[in-house]
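Peer 1: After the structure tokens below, expect a handful of questions from me.
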Amino acid sequence: MTLIEIGILVRDIASIALMATGLVFVLAGALGVLRLPDFFTRMHAAGVTDTLGAELIVFSLILQAGFTLLAAKLLLVGFLLFLTSPTATHAVANAAHRAGEKPLLSRFHPKHPRDREGDA
Amino acid sequence: MIYGTGLAVVLAVIWWVLSGYDKTLLLSLGAASVVVTMLLAIRMRIIDRETAPFFRLPTLIPFYTWLGGEIAKSNVAVLKAALKPEIDVTPRLVRVPVEADSDLSRCIFANSITLTPGTVTVEIEEDAFLVHALTPDFTGADGFAEMNARADRATDGRRKSS
Chain A
5 MTLIEIGILV RDIASIALMA TGLVFVLAGA LGVLRLPDFF TRMHAAGVTD
55 TLGAELIVFS LILQAGFTLL AAKLLLVGFL LFLTSPTATH AVANAAHRAG
105 EKPLLSRFHP KHPRDREGDA
Chain B
26 MIYGTGLAVV LAVIWWVLSG YDKTLLLSLG AASVVVTMLL AIRMRIIDRE
76 TAPFFRLPTL IPFYTWLGGE IAKSNVAVLK AALKPEIDVT PRLVRVPVEA
126 DSDLSRCIFA NSITLTPGTV TVEIEEDAFL VHALTPDFTG ADGFAEMNAR
176 ADRATDGRRK SS
């Protein structure tokens, strides 16, 4: 195996690792949106998806693109996501707050389904 | 003037990155579009240090590198909270005092709070932000004060030490 082939292999491994980690974060964000109790807490889970999840996937694609114009475009996409997603999140949160959506402020700790069956 | 030059250079670079053309005709069309955009911006009088913050990159880049580390840490914290077999969260709404010399500094601070998972800026007030947090772990006053000081220093450099 030549040195170049080893380099490509290392790049592919790093890229796949980044992509897999990003997918874990995106999946966790989606699960959090389903599992958390109210609007504001679900918004936090969605935040995981558009910060680390999206950025890790963009970085892995940059590694695949190499040192090309495509990589510069992907970098621009990542930069725009980084700056605009919190602005969108704030706009949604602010709209909900002004419309009178009351956040849940008490402890949310439902019983495990197994224990709930015992109660019934 | 220097902000206008910076804006023109950044516009030209973005035009070229997005198109990737190298023919003289197309490049001159790109240059023409940059000139038209600059004329519009000058006529609207929106070129100042807030709209063209490119000369603060030497301090903004270290700030966003530090923020990236904080984002990674709180991402893992939210991940754990969302994936625990038994969800146990106590959401909090806190008022965070803000010390900022400029609108850009306030904006970057509010954006950084929202960018960090687990905390979202809900309302902007005169000298404070209303912040919603997923659990009380995210509402440490020291953490917010440090982020505020770093954002302020990154944008204006007036605060010498924290």
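Chains A and B, in that order, are what the protein sequence lines are. Per our numbering, residue 5 is the first one in the first sequence, and the count goes up by one each step. Per our numbering, residue 26 is the first one in the second sequence, and the count goes up by one each step. Backbone N, C-alpha and C fix where the C-beta goes; we use that ideal spot for every residue, glycine too.
Looking only at its own chain, which residues have a Cβ that is under 8 Å from the Cβ of R46 of chain A, when we skip the five neighbours before and after it?
Peer 2: Excluding positions up to five away in sequence, the list reads G36, V37 and L40.
Peer 1: Straight-line CA distance for P116 of chain B to A66 of chain B?
Peer 2: Taking the straight line from one Cα to the other gives about 44 Å.
Peer 1: Would the beta-carbon of L140 of chain B fall within 8 Å of that of I96 of chain B?
Peer 2: Yes.
Peer 1: Given this structure, state the Cα-to-Cα distance separating G45 of chain B from L73 of chain A, to the nearest angstrom.
Peer 2: Approximately 7 Å between the Cα atoms of the pair.
Peer 1: At what residues does the beta strand (DSSP E) containing R117 of chain B begin and finish?
Peer 2: Run containing R117 of chain B: R117 to P122, per the beta strand (DSSP E) assignment.
Peer 1: Could you check if S187 of chain B is buried or exposed, using at least 16 other CB atoms within 10 Å of its CB as the buried criterion?
Peer 2: With a pLDDT of 39 at S187 of chain B, under the threshold of 50, the predicted position of this residue should be treated as unreliable, and no value is reported.
Peer 1: Report yes or no: do three or more beta-carbon pairs, one from the region 118 to 128 of chain B and one from the region 146 to 155 of chain B, lie closer than 8 Å?
Peer 2: The region 118 to 128 of chain B, when compared against the region 146 to 155 of chain B, does touch it at the 8 Å Cβ threshold.
Peer 1: Can you list the residues of chain B that M128 of chain A reaches, using a CB-CB cut of under 7 Å?
Peer 2: Residue 128 of chain A lies beyond the residue range present for chain A, which begins at 5 and ends at 124; the question has no answer from this structure.
Peer 1: Can you give the Cα-Cα distance for S53 of chain B and F71 of chain A, rounded to whole angstroms?
Peer 2: Roughly 26 Å between the two C-alpha positions.
Peer 1: Counting only Cβ-Cβ distances shorter than 7 Å, please list the residues of the region 14 to 37 of chain A near chain B, keeping chain order.
Peer 2: Against chain B - using a Cβ distance shorter than 7 Å - the residues of the region 14 to 37 of chain A are F29, A32, L35 and G36.
Peer 1: Output needed for M215 of chain B: all residues of its chain with C-beta closer than 6 Å, excluding positions within five of it in sequence on either side, in chain order.
Peer 2: The question about residue 215 of chain B has no answer, for chain B in this structure spans 26 to 187.
Peer 1: Do P142 of chain B and T55 of chain A come within 8 Å of each other at the CB atom, strictly closer than that value?
Peer 2: Yes. Within cutoff.
Peer 1: Is the shortest distance between the beta-carbon of F112 of chain A and the beta-carbons of chain B less than 8 Å?
Peer 2: Cβ-Cβ to chain B under 8 Å: yes for F112 of chain A.
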